[in-house]
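Order-wise, the sequence lines are chains A and B. Numbering-wise, the numbering used here puts 67 at position 67 of the first sequence, and it's gapless, one number per residue. With the second sequence counted from 1, adding 1000 to any position gets you the numbering used here.
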Amino acid sequence: MATYTPTTPIDHVGHGSKPPVPPAGGVDDGRGGGDVPNYGARLRRARLGLACGIATVCMLFVSLTSAYIVRQGLGTFDGASNTYVRDWGRVDLPWLLLAINTAVLLISSVTMEFARRRAALQAALAPVQSIPGVSLGNEKSFPWLGITVLLGVAFLSGQWLAWGELHARGFFVATNPNSSFVFLLTIAHAVHLCGGMIALLWAAGASLLHKPVEARRIVVDITAWYWHFMAVLWIYVFALLGFAR
Amino acid sequence: MATPASVHAHAPQGFIRKYIFSLDHKVIGIQYYFLALSAVFVGMLLSILMRVHMIWPTASLPLLGEIKPETYLALMTMHGTIMVFFVLTTAPQGGFGNYVLPIQIGAPDMAFPVLNMLSFWTTFVAYMVMLAAFFVVGGAPLHGWTGYPPLSAIPSAGPGEGLGADLWITSIAIFCIASLMGALNFITTTLDLRAKGMTMMRMPLTVWSWFITAILGLLAFGVLLSAGILLLMDRNLGTSFYVPTTMVNGVMTWHKGGSPLLWQHLFWFFGHPEVYIAILPGMGVASQVLSTFSRKPIFGYRAMVYAMLSIGFFGFMVWGHHMFMSGMSPYSAFAFSLLTMCIGVPSAIKTFNWLGTMYKGRIRFSTPMLYAIGFVSLFVSGGLSGPFLAQPVLDIQLHDTAFVPAHFHLIMGVAAIFGIFSATYYWFPKMFGRMMNETLGRIHFFITLAGTYAIFMPMHYAGMAGQTRRYSQFTEVAFLQKLIPLNTFITWAAIITVSAQFIFVINLFWSMFKGPKASDNPWESTTLEWTTATPPPHDNFGGVTPVVNHGPYEYGVPGAAKDYVMQTDPPTGTSH
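Printed below as a string of structure tokens:
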């Protein structure tokens, strides 16, 4: 194998969950001495933006949760007994289907993590591969991203089936406050997951369109963290609906 | 290193990309500003119509005819909503924050320029949807800017509560999404794009104020969005989150078991931080301008930063003081009351620091400075009635009177507007390369300041005398007869003050094209925006990355050649 001197220090690129190390001496403006922001700074910036976005989604679901708990404790006036009665109602959740969906989403989170690590590796090795005469082999990489997209579609389809099953059991949005929240929380989660799906498809498209490997890695990286967050959020929603009935 | 020429080559040339769907934060800031300018004139027109109706309820107005009571409520709703969302939230943060923040921290643009453009155009869509509520069947909604259910949740509750209310809620939801995108961008930009040497404690206080405002927005608008979704479901999907068993116009609705208080909690959890979203940027501008035109460092820079942080922190813990009338537990009311009064401490720190900044300064009474002083004046005048309303026992007496609108118009409305005016006169030379007319600026200032006090100070007394705040007319109400002359005075003061705003608009547009050319640093300021060309190039610094060696307000430094030290001047060994 030929010897080489990488033009970009490998440590600066970052691996796995370890963010790239910013240059010392104050805050990096992201331009790295040129007029194009350097890759490490762009990745750090994208992750910071994602963290802000996740904070927002958390606030949305926290406020829905507080509404859930407050509404659960409210009553309505019952003329027959001349008193206030709890009108929360019950919902027969399709447990098995939801458990399968949960498993699918968790598996997709694992495959997404593999895709993220693969993208990080490709970005790290990109400077080496660009050197004439250097070959790192052309082994076929497993299509983790594609698998994740399929699992995401499977999860959303499963949720669709779950909503259909709820309808079949006689539970609709307006059946009772409990069912209102079941539909609201699961649909709100699905809408947010759809955002992740669009990002995933963009990342997959970036690969096909031969976008720079660094740009693709950034999209895959932040989509992966968002996807993991979606998995955690789903477990939270599932637990709330399951245990705080 | 990129040369200025190569950087300029990256600037978009086509009209659409350069001025409409621009990614340049400066263009986007100006777009936000003009959106807010159009909104403020709509809002002012509505307020004048309200005031006219209150005094001359049977007057037939051109085009509109006689204003009906329900139309009055629609005017009130739209006035409040447009002013709060599309003026007080949009101009200080979206407008000046967008234009100035990246330059003040030495960045070439916002962190996510595409998202920035999307934020503006989403705000624009929200604005259009809001205005559309005027033109649908039934007209604009009647439920006030706070949108309290059951009125806001039942389409049959009034003429504007059908499609008009749906559009109103939808517009607010779209606005929330736009604001969240904007807040995300501001936070990331501030944390990640600062130039070398621009430590957090060297950031201008304007940057701090936009940064803290963005954090408030990030945490608050998601809650309003969720509240709005629940409200839309109650209206259209048959749910009962907010509405108990209710009869409207003699007909039972399907609702049962909901609670209007749930909406109030969610709304005010957003609503109170929203007050600070409106006023914090004004605080930042006042600090910047007072220091610059007093030729003195800001008094207690760190105290100012910590005061803003604590105002933001406490802002999330006091929403219950809007709900003292809701029958909440006295213990809860006591907690909310105590926490509300705690906000007086950092507010007082800021006020005394502003006064300390001016004390023994070589003050230059230019128009931006006049407006900054006016801001402090209104902040004190409006703020002092806050502790009254923070007392549950007093609030119960004053809550539904004109005292409350008088209070919040001074502190949240006009004080924030004075911050916007100060910022406009201060940064106009940088934004448009020309100076505004000082004489017109001073005339505008004195009429607006006197007019503001003429409108809102008597309103406090009217409120204490028992004048209710939501009656569409009171000329026929016996116990309010003695207040008619006072209200007539208020209405005339409002008409004159609103008319004076045309002086500002004439000055703005005339100066944009005909004003004298501005130098790069006409106010002899120290922050980074004054180190670059006027107006700044596409990448802000012409391909040069600034390095910061000084704090933001180094005026009157002993031994210095000039009475100010730019942030980019070479280090002297004494700067912090």
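Cβ coordinates follow ideal geometry from the N, Cα and C atoms, glycine included. Source: prediction; values computed, not measured.
Asked, Found
"If we define contact as Cβ-Cβ less than 8 Å, is residue 1230(B) a contact residue for chain A?", "yes"
"Mind listing the chain B neighbours of residue 173(A)? Cutoff is C-beta to C-beta under 9 Å, in chain order.", "1233, 1237, 1238, 1239"
"Give me the chain B residues within the contact set of residue 70(A), using Cβ-Cβ distance strictly less than 8 Å, ordered along the chain.", "1259, 1262, 1265"
"Thinking residue 1123(B) and residue 1090(B) are a contact (beta carbons under 8 Å), I'd like their distance in whole angstroms, please.", "6 Å"
"Can you tell me where the alpha helix (DSSP H) holding residue 226(A) begins and where it ends?", "213–243"
"Pick from 228(A), 167(A), 133(A), 236(A): whose alpha carbon is nearest that of residue 246(A)?", "Outside the displayed span of chain A (1 to 245) sits residue 246(A), for which this structure offers no information."
"Beta-carbon of residue 1026(B) versus every beta-carbon of chain A: anything under 8 Å?", "no"
"Do you know offhand how far residue 1075(B)'s Cα is from residue 1134(B)'s?", "9 Å"
"Under 8 Å between the Cβ atoms of residue 1532(B) and residue 1429(B)?", "no"
"Considering only C-alpha positions, which residue in the set 218(A), 182(A), 184(A) is nearest to residue 123(A)?", "218(A)"
"Is residue 1058(B) helix, strand or coil when you go by DSSP?", "coil"
"Quickly, what does DSSP pair residue 77(A) with across the bridge? List them, please.", "84(A)"
"Would you please verify whether the beta carbon of residue 1430(B) is less than 8 Å from any beta carbon of chain A?", "no"
"Between 1073(B), 1043(B), 1038(B), which has its C-alpha nearest residue 1053(B)'s C-alpha?", "1073(B)"
"Would you call residue 1274(B) buried or exposed, if buried means 16 or more other Cβ atoms sit within 10 Å of its Cβ?", "buried"
"Considering Cα atoms alone, identify which of 1085(B), 1044(B), 1012(B) is closest to residue 1224(B).", "1085(B)"
"Which residues in chain B have a C-beta closer than 7 Å to the C-beta of residue 87(A)? List them in chain order.", "1256, 1257"
"State the Cα-Cα distance for the pair residue 235(A) and residue 102(A), rounded to the nearest angstrom.", "7 Å"
"Please go through the same chain and pick out, in chain order, the residues whose beta-carbon is closer than 7 Å to the beta-carbon of residue 1410(B), but skip the five residues on each side of it.", "1378, 1381, 1382, 1456"
"Tell me residue 1238(B)'s beta-bridge partners as DSSP assigns them.", "Answer is none; residue 1238(B) lacks a bridge partner."
"Can you list, in chain order, the residues of its chain with a C-beta nearer than 6 Å to that of residue 1211(B)? Leave out the 5 residues immediately preceding and following it.", "1190"
"Who are the Cβ neighbours of residue 84(A) in its own chain at under 6 Å, not counting the five residues just before and after it?", "75, 77"
"Are residue 1156(B) and residue 1248(B) closer than 8 Å when you measure CB to CB?", "yes"
"Taking residue 1166(B) as the reference, which of 1376(B), 1151(B), 1177(B) has the closest Cα?", "1151(B)"
"Closest to residue 117(A) by CA distance: which of 128(A), 142(A), 97(A) is it?", "142(A)"
"Looking at the structure shown, is residue 1554(B) part of a helix, part of a strand, or coil, going by DSSP?", "coil"
"According to the Cβ coordinates, are residue 1240(B) and residue 212(A) closer than 8 Å?", "no"
"Which residue's Cα is closest to the Cα of residue 1489(B): 1055(B), 1233(B), 1365(B), 1028(B)?", "1055(B)"
"For residue 1248(B), list the residues DSSP reports as bridge partners.", "1251(B)"
"For residue 1259(B), does the count of other Cβ atoms within 10 angstroms reach 16, so buried, or fall short, so exposed?", "buried"
"Are the C-beta of residue 234(A) and some C-beta of chain B separated by less than 8 Å?", "no"
"In the structure shown, what three-state DSSP assignment does residue 47(A) receive?", "helix"
"For residue 1276(B), does the three-state DSSP call read helix, strand or coil?", "helix"
"Report the residue from 159(A), 48(A), 57(A), 196(A) whose alpha carbon sits nearest the alpha carbon of residue 1176(B).", "57(A)"
"Considering Cα atoms alone, identify which of 1317(B), 1355(B), 1498(B), 1101(B) is closest to residue 1286(B).", "1355(B)"
"Can you give, in chain order, each stretch of the alpha helix (DSSP H) that sits fully within the stretch 1074–1131 of chain B and has at least 4 residues?", "1098–1104"
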